[in-house]
Structures are given as C-alpha cells and as structure tokens.
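Everything below concerns the one structure shown next.
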Amino acid sequence: MSRTVGYLIKVTIAVAIAVWLADRPGAVTIDWQGWRLETTVGMLALIGFLVVIAAALAYRLWRAVVSAPHDFGEMRRGRRRIAGYRALTQGMVAVAAGEVDEAKRLARRADHLLDEPPLTLLLAAQAEQLGGDEDAATRYFTAMLDDPETEFLGLRGLLTRALRDGDTARGLELAARAEKLRPGTTWARDALFQLNSRLGNWDAALQVLLPARVRAGTAGDTPRHLAAVLTARARDEAAPPDVAMAAAEEARRLDAALVPAVDTLARRLAAAGKTRRARKLLLRAWPETPHPDLVAAYLEVVAPAEPLAAVRAVEKLCGGYPDHRESRLARAAVKLDAGLWGPARAELAALDDDPPEARVCRLMARLEDAEDANGKGAEAARGWLARLADAAPDPVWQCGDCGAVARDWAAVCGHCGAVASLGWQPPQRMEPLRPLAVPAAEESVPEIAGEGAEAPPQQA
Numbered sequence: 254m255s256r257t258v259g260y261l262i263k264v265t266i267a268v269a270i271a272v273w274l275a276d277r278p279g280a281v282t283i284d285w286q287g288w289r290l291e292t293t294v295g296m297l298a299l300i301g302f303l304v305v306i307a308a309a310l311a312y313r314l315w316r317a318v319v320s321a322p323h324d325f326g327e328m329r330r331g332r333r334r335i336a337g338y339r340a341l342t343q344g345m346v347a348v349a350a351g352e353v354d355e356a357k358r359l360a361r362r363a364d365h366l367l368d369e370p371p372l373t374l375l376l377a378a379q380a381e382q383l384g385g386d387e388d389a390a391t392r393y394f395t396a397m398l399d400d401p402e403t404e405f406l407g408l409r410g411l412l413t414r415a416l417r418d419g420d421t422a423r424g425l426e427l428a429a430r431a432e433k434l435r436p437g438t439t440w441a442r443d444a445l446f447q448l449n450s451r452l453g454n455w456d457a458a459l460q461v462l463l464p465a466r467v468r469a470g471t472a473g474d475t476p477r478h479l480a481a482v483l484t485a486r487a488r489d490e491a492a493p494p495d496v497a498m499a500a501a502e503e504a505r506r507l508d509a510a511l512v513p514a515v516d517t518l519a520r521r522l523a524a525a526g527k528t529r530r531a532r533k534l535l536l537r538a539w540p541e542t543p544h545p546d547l548v549a550a551y552l553e554v555v556a557p558a559e560p561l562a563a564v565r566a567v568e569k570l571c572g573g574y575p576d577h578r579e580s581r582l583a584r585a586a587v588k589l590d591a592g593l594w595g596p597a598r599a600e601l602a603a604l605d606d607d608p609p610e611a612r613v614c615r616l617m618a619r620l621e622d623a624e625d626a627n628g629k630g631a632e633a634a635r636g637w638l639a640r641l642a643d644a645a646p647d648p649v650w651q652c653g654d655c656g657a658v659a660r661d662w663a664a665v666c667g668h669c670g671a672v673a674s675l676g677w678q679p680p681q682r683m684e685p686l687r688p689l690a691v692p693a694a695e696e697s698v699p700e701i702a703g704e705g706a707e708a709p710p711q712q713a
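Here it is in structure tokens:
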C-alpha cells in the first residue's frame with residue numbers, strides 16, 4: 254500500500270511539472286561551434302531527461318558486462334552451497350535412519366560441495382561411528398578440536414568414545430576441557446561428576462554437584478546423589494576424622510533412609526568416643542529402616558562382653574519395631590549364638606515364610622545341628638540345606654540401572670558406573686545394559702540378574 258501511494262505521488266509531481274512547463278513554453282536558443290538550436294523550455298527539459306536515462310542505462314549495461322564473470326561465479330557457488338546443505342541435511346537423516354552407506358556418500362558429497370569443513374566433519378564422524386569405524390570417527394572428532402566453532406562438539410564425541418572404551422582418565426580430561434569451554438553445560442558437568450566419582454575423587458565430585466544443587470534446589474535426584482557421595486567420602490579412611498564426621502552427618506540429613514550413611518555416622522561417632530550418641534542414632538534409625546548392617550554397627554558400638562549381653566543389646570535395638578522380619582532374624586541369630594535354641598526357634602517360626610528365605614534355611618540348619626534333638630540334628634540340618642534350592646533369595650545390594658549385584662554398598666555401581674543406584678532388595682531380573690568402566694575405587698560383583706543369568710550370591 255505504501256509503495257502504491259509513493260508511486261502515485263511521484264506521477265502527480267511529474268504531471269504537474271509537465272503541465273506547468275506546457276503553460277509556459279518560453280524559448281531557448283543555443284549557439285555552439287557554428288550550430289544553432291532553437292526550442293522550447295519543455296522540449297529542452299525532455300531532451301535532458303532522456304539523456305540522463307540513456308546514460309543510466311548505458312552505465313547499468315557496462316556494469317553488467319564487467320561483473321558478469323563474478324556474478325556467474327557467485328551464482329554457481331550459491332547453487333553448490335544449496336546442494337551441499339541439502340546433502341548435509343539428508344546425511345543427518347541417513348545417520349538417524351541407520352543407513353551407513355548413504356550417510357557416508359552424502360558426507361563425501363557435502364564435503365565436496367561445501368567449503369566449510371566444520372559443518373561436514375560432524376556428519377563424517379557420525380557416519381563412521383554408525384559404520385563401526387571408531388578410529389576414523391575419532392580422527393574426525395580430533396580434527397574438530399582445531400576449529401573454535403566445532404571444538405565443543407569434538408570434545409563431546411571424544412568423551413563418548415572415552416566412556417565407551419572405559420578410559421576414565423581421558424574422559425575426565427575431556428570433560429574438564431568442555432566444562433571450561435562452556436561452563437554449566439549439563440552433559441559436561443554430569444560427566445565430570447560421574448568420572449570423579451568412579452575414580453573416588455569425592456571432593457572433586459562434590460565441587461561439581463554442589464553448584465548444580467544450588468541451581469536446581471532440591472529437584473530431581475541431586476540430594477540422593479549428594480548423600481551417596483558424602484557417605485563415600487565419610488567412609489574414606491584417608492579423610493580427616495572431623496571432615497568424615499561432617500560428611501556423614503550431612504549425608505544422614507539429606508537421606509535419612511540411606512542405611513550406609515547411618516552405619517558410617519554411627520561408627521565415626523563411636524570412634525570419636527561419642528558412644529552414647531551413636532547408640533541413640535541407631536535406635537532411632539531402626540524403626541525407619543531395619544537392616545542387618547545396623548545390627549552389626551550397634552553390636553560394634555555396644556561391644557557386648559558375652560553372648561547374653563549381645564542378646565539384650567539386639568533386643569533393645571529391635572524394640573522400636575519388634576515384629577519386623579529383620580528384627581526377628583537379628584534376634585534369632587544372636588539367640589542362636591548364645592545357645593538359646595528354643596527362643597531362636599520361636600523367632601524363626603514366627604516368620605511363617607512359604608517358601609522360606611535362604612538365610613532362614615541357613616539359620617534353621619545351624620539350629621538343628623546345634624540343638625541335635627533326639628540325635629537327628631545332622632539329618633534335619635541337611636534337610637534345611639536341601640531347601641536352599643527352592644528358597645526365596647536373600648535381599649542384596651542391587652543396581653537399579655543395570656541389575657548388577659554388589660557384595661557391599663558402594664556410591665558407584667561397579668558394573669555400569671551409575672552413582673547412587675544401589676538399593677537393598679530381593680534380587681530382581683533386569684535387562685542387561687551396556688557395560689561401562691569398572692571404577693577402581695569401589696568393589697562390586699559384575700553380575701547381571703537377567704535372563705539366563707546365574708542366581709546372585711546369597712548373603713550370609
């Protein structure tokens with residue numbers, strides 16, 4: 254609309270000037286070099302206007318002839334660029350579709366058409382990865398490090414390869430470089446946290462996680478991860494006692510249901526001479542999370558001098574939740590050690606399991622062998638041991654991510670490297686995940702409870 258109005262204004266002005274000159278024709282005479290030109294003012298203006306237009310057209314024609322080679326080259330380069338970007342886009346689609354040969358062909362075409370290596374290196378690297386040529390992909394990712402525009406993408410590709418190969422030290426170096434290049438990037442920060450945790454660098458892992466917790470508040474799994482790392486730090490024998498104590502207390506505050514945090518804090522308190530506080534901690538924790546590790550910790554803190562004192566200590570510990578199966582199993586075990594066979598049998602009979610748990614079968618076998626009623630104790634013990642084949646499995650520490658079973662709790666799964674993933678539960682059948690590096694700082698059994706897998710080791 255605005256263009257139309259502008260055009261009409263210009264036409265109106267031109268018509269007005271023409272009418273004005275027509276009403277005032279005047280006369281113009283020009284004598285030059287023996288030539289004489291007589292005309293009106295309007296005609297002279299028209300001739301001048303036509304001369305200007307002819308000069309402008311001649312100039313445009315001259316410019317078009319002179320710039321024709323350059324314009325032709327630009328047009329050709331534009332077409333190549335469009336074709337190159339089309340090949341790049343189609344190559345990415347081929348990678349997503351898993352078409353290896355097509356992805357490689359399009360990567361070569363894009364590289365030929367586009368004079369922009371940063372754009373084609375990523376496609377070439379992904380195509381090689383898709384084809385299983387990790388060494389070629391690594392070369393492409395390494396070449397991307399030389400260009401500031403693609404350095405970050407190259408670091409991510411190399412980090413993925415390092416994690417897949419289990420090269421924790423190299424992965425840590427790459428993740429640190431990526432975090433320095435773009436601070437706060439989620440995948441770089443997560444990689445730093447996970448890799449430092451695998452290596453047992455608890456202070457470094459905490460330095461990564463704490464800022465993330467400040468940003469995220471208490472959302473997600475951050476408190477759970479933080480509690481696990483703090484517990485591992487508190488368990489570190491090289492940690493100063495006051496630092497370990499503070500870490501254990503913070504872990505207990507963040508996750509009151511984390512049994513290893515309670516266990517570690519109680520032992521640290523007892524080692525510092527705060528036995529009374531350690532006992533109160535365990536007595537409060539038992540009704541919330543009954544667990545065999547708490548029984549062991551309480552007996553270590555109380556340090557009973559003889560078996561009957563151990564029975565009284567466990568009775569007191571389990572008093573807050575006397576009917577829980579862990580309470581009955583704990584009391585049965587110490588009563589069996591003290592030779593109180595009748596009370597031990599009553600505790601086990603109260604469980605009324607069908608089928609009985611494996612540890613119940615083992616305790617009953619010990620009881621029958623020790624009591625030896627009517628001289629048939631050995632035969633009865635063998636009967637209970639034979640029932641182990643059909644018994645319900647004992648609870649174990651099992652990774653919720655990959656299903657690996659660990660002998661003891663650890664902050665990091667020794668099979669898949671996941672942090673804060675071990676839970677105390679009857680072993681579950683899970684689909685195996687792709688294994689990652691086994692961290693040197695934690696020991697676990699790399700056994701998957703998946704289809705066709707052997708049964709997990711039973712806990713005594």
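Just add 253 to the spot in the sequence shown (first one is 1) and you have the numbering used here. Built from N, CA and C at the ideal position, the CB exists for glycine as well. Just so we're clear, the structure is a prediction, and the values are computed from it rather than from any experiment.
Go ahead and pull the three-state DSSP assignment for residue i.
i	result
Trp-288	strand
Ala-657	strand
Gln-343	helix
Gln-460	helix
Thr-438	coil
Cys-652	strand
Thr-282	strand
Gly-636	helix
Glu-610	strand
Ala-519	helix
Leu-479	helix
Ala-645	strand
Gln-678	strand
Under the rule that 16 or more other beta-carbon atoms within 10 Å means buried, what is residue i, buried or exposed?
i	result
Leu-440	The sequence given here places Trp at residue 440; Leu does not occur at that position. By the neighbour-count rule (16 or more Cβ atoms within 10 Å), Trp-440 is not buried but exposed.
Lys-357	buried
Gly-676	exposed
Trp-637	buried
Gln-460	exposed
Glu-387	exposed
Thr-484	buried
Thr-471	Confidence in Thr-471 is poor, its pLDDT being 36 and thus under 50, which makes the residue's placement unreliable; the coordinate value appears in the next sentence. Looking at its Cβ environment, which holds fewer than 16 other Cβ atoms inside 10 Å, Thr-471 is exposed.
Ala-323	In the sequence as displayed, the identity of residue 323 is His instead of Ala. Under this definition His-323 is an exposed residue.
Met-397	buried
Val-555	buried
Met-498	buried
Tyr-312	exposed
Trp-273	exposed
Arg-529	exposed
Asp-508	buried
Ala-469	Bear in mind that a pLDDT of 43 at Ala-469, under 50, signals an unreliable position, so the number given afterwards is only what the model happens to contain. Its Cβ having fewer than 16 others within 10 Å, Ala-469 is exposed.
Leu-535	buried
Taking residue i as the reference, give the member of the options with the closest Cα.
i	options	result
Thr-413	Asp-400, Asp-399, Thr-395 and Pro-401	Thr-395
Ala-531	Val-567, Arg-565, Asp-516 and Gly-259	Asp-516
Phe-405	Cys-571, Ala-422, Leu-434 and Gln-651	Leu-434
Gly-385	Trp-455, Pro-560 and Arg-417	Arg-417
Leu-427	Leu-445, Gly-437, Pro-436 and Gly-419	Leu-445
Val-613	Arg-581, Arg-565 and Val-554	Arg-581
Ala-390	Ala-525, Trp-662 and Leu-374	Leu-374
Gly-424	Val-554, Leu-452, Gln-286 and Met-296	Leu-452
Ala-280	Glu-381, Glu-352, Ala-267 and Ala-298	Ala-298
Ala-380	Pro-545, Ala-360, Val-554 and Met-254	Ala-360
Leu-561	Gly-410, Pro-543, Ala-663 and Pro-596	Pro-596
Val-665	Leu-314, Glu-559, Ala-639 and Arg-477	Arg-477
Glu-559	Leu-303, Lys-533, Ala-308 and Gly-592	Gly-592
Leu-411	Tyr-393, Glu-402 and Val-294	Tyr-393
Ala-271	Ala-378, Val-258, Trp-285 and Thr-293	Thr-293
Leaving out five residues on either side along the sequence, give the residues of the same chain with a beta carbon under 6 Å from the beta carbon of residue i.
i	result
Ala-645	Pro-608 and Glu-610
Ala-431	Leu-408 and Ala-441
Ile-283	Leu-290
Leu-511	Ala-480
Ala-634	Ala-618, Glu-621 and Asp-622
Ala-500	Leu-483, Arg-486 and Ala-487
Can you give me the Cβ contacts of residue i inside the same chain, cut-off strictly under 8 Å, excluding the 5 residues immediately before and after it?
i	result
Gln-678	Pro-648, Val-649 and Gln-651
Pro-494	Arg-521, Ala-524 and Ala-525
Could you name the residues of the same chain whose beta carbon sits closer than 7 Å to that of residue i, not counting the 5 residues immediately before and after it, in chain order?
i	result
Gly-653	Ser-674 and Gly-676
His-544	Val-512, Glu-579 and Trp-677
Thr-542	Ala-510 and Val-512
Between residue i and chain C, is any beta-carbon pair separated by less than 8 Å?
i	result
Ala-336	No chain C appears in the structure shown, which is made up of a single protein chain.
Can we say the region 596-606 touches the region 573-588, given the rule of at least three CB pairs closer than 8 Å?
yes
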